[in-house]
Structure formats: structure tokens, C-alpha cells
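**Q** Got a structure for you, questions after.
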Amino acid sequence: CNVYDVGGRKVLVDFAHNPHAMQALFDMAEALPAKRRVLCFGQAGDRPDALIEELARDAWAIGLDRVVISELADYYRGRDAGEVFGLIRDELLRCGADDAQIGHHDEELESFNAALDWAEPGDLIIMLALSGAAKIQARLRELGAA
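Here the working numbering is used: the first residue of the sequence shown is 8, the next is one more, and so on.
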């Protein structure tokens, strides 16, 4: 996990996508002081529905204020576009999220930029990157992240 400061916003970037690694990251994020928390993530389509829903529940349980879900077109793996998003969104709504707290973008960099636009100094952005990791790192350099 890498931690950056971007204009007073703390940014955690990790490549965790399996349940154990994601839970460890969620535990770390929950322990960090923050005014508000936003999570950007997506999931590969070859995961069972129950696992995707469990990850959404575990994420929401850390006290998120916003979730930005990324489509992972390179990882649909037999699913239709928007299908994984729908599973995550529906589970977040069942957990008590409001539809206005859930964003959706076609790629990870768009999700990250949306989180940056939403976040204010003192907020925490948790970015789980997969196929867009290099673009996220480049964006952080562009922003002068420390």
C-alpha cells in the first residue's frame, strides 16, 4: 500500500483485489483519521456474486461517505458491461448507502479523478487500482503527490 498527500487529501493506493488483501486495506483505512472517506474500486467478473457482494459489505462497514465504482473492461471475464457495477451498487444500497453516494466510471483513472474532485483537505481517498495502476501513478506525479 502506498500513501500520498495531495493538497491535504490523504490517498491510499493499493492493488488489493482478493478478499484477504482488501480486508487488510479496509482495516488500515478505517484506523486512519479522516473527515470523510471515499473508496474507488472495481471487481473482476470471474468472482462469484456472493464474493462481490461480501466485498461491498466489508467496504461499506468501514464508514465510507462515497464509493466510486470502476468498470474493469479488461476483466469482465464472461460478464456484461455494468453487471459487476450492479452487484456492488445493489449491495451498497442494501447496506444503507444512498444512490447519491455511489459513482460509476468507465475506467479507474476517471474514478480516481472523480474522487479527487469530491474530496476536500482532511479526507481519505482509497484507490484500489488494477489495470489503471500506471495511469493512477502518473496522475499522482502530475499532482505533485508527496
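Note that the Cβ used here is the ideal one computed from N, Cα and C, for glycine as well.
Are the beta-carbon atoms belonging to Glu60 and Leu94 less than 8 Å from one another?
**A** Their beta carbons are under 8 Å apart, which means Glu60 touches Leu94 by this criterion.
**Q** Which residue from Phe33, Gly129 and Ile76 puts its Cα closest to that of Ile109?
**A** When only C-alpha atoms are compared, the closest one is Ile76.
**Q** Applying the criterion that 16 or more other CB atoms from any shown protein chain within 10 Å of the CB defines a buried residue, is Leu62 buried or exposed?
**A** Buried.
**Q** Tell me the DSSP bridge mates of Ile143?
**A** Ile143 is not bridged to any residue.
**Q** Please return the same chain residues whose Cβ sits closer than 6 Å to the Cβ of Val18, not counting the five positions on each side in sequence.
**A** Result list for Val18: Tyr11 and Ile132, in chain order.
**Q** Distance, Cα to Cα, Tyr83 vs Gln50?
**A** Each residue's Cα considered, the two are about 9 Å apart.
**Q** Out of curiosity, what's the CA-to-CA distance linking Trp125 and Leu46?
**A** Rounded to whole angstroms, Trp125 to Leu46 spans 11 Å at the Cα level.
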